[in-house]
Amino acid sequence: MELLWSNKELAAKDIAKIIKEYIGWEKNTTYTVIKRLIDKGAIVREDPGFICKALISKAATQEIETQALLDKLYNGSLSNFIATYLAAKELTSADIAELKKLVNKY
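Following our numbering, the numbering of the sequence shown begins with 21 at its first residue and continues without gaps.
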């Protein structure tokens with residue numbers, strides 16, 4: 021998905037070449053993942069050239085995945101997540117000021 025978000029569209033064969041170089045997956049593995057993403061509605065593959073395009077934005081994916089993480093680990097509670105996260109961190113005064121800005125903004 022990162023490849024498609026940064027390139028807008030790529031041929032399936034080019035995706036396979038890039039993934040082979042960086043991750044080491046064989047072409048068939050990459051094509052299987054592409055097929056699964058098509059089946060899930062995350063991407064579309066168009067002819068000619070089996071050009072793949074993302075159907076869901078990175079921001080939308082992040083929102084969905086963030087909510088799934090909150091649901092799974094914190095019973096859907098953003099407050100519980102923030103409390104747990106902050107308990108393990110030492111915040112600087114700049115961090116605190118930035119967090120206050122964010123809370124006031126939203």
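Every residue gets a Cβ at the ideal spot worked out from N, C-alpha and C, and that includes glycine.
Does the Cβ of residue i have 16 or more other Cβ atoms within 10 Å, making it buried, or fewer, making it exposed?
i      : result
Ile-63 : buried
Ala-80 : exposed
Thr-50 : buried
Asp-93 : Here residue 93 turns out to be Leu, not Asp, going by the sequence shown. Under this definition Leu-93 is an exposed residue.
Among the candidates the options, whose CA atom is the shortest distance from the CA of residue i?
i      : options                   : result
Met-21 : Ser-77, Asp-59 and Gly-69 : Ser-77
Gly-61 : Leu-75, Thr-52 and Asp-67 : Leu-75
Lys-33 : Lys-47, Asn-27 and Trp-25 : Lys-47
Is it true that the CB of residue j sits closer than 8 Å to the CB of residue i?
i       : j       : result
Gly-69  : Ala-31  : yes
Leu-119 : Phe-101 : no
Ile-54  : Ile-35  : yes
Lys-73  : Glu-41  : no
Ile-38  : Leu-23  : yes
Grab the span of the alpha helix (DSSP H) containing residue i for me, first residue to last.
i       : result
Ala-36  : 32-42
Ile-116 : 113-125
In chain order, what are the residue ranges of uninterrupted alpha helix (DSSP H) at least 4 long that sit wholly in the region 46-122? 47-59, 78-94 and 98-107
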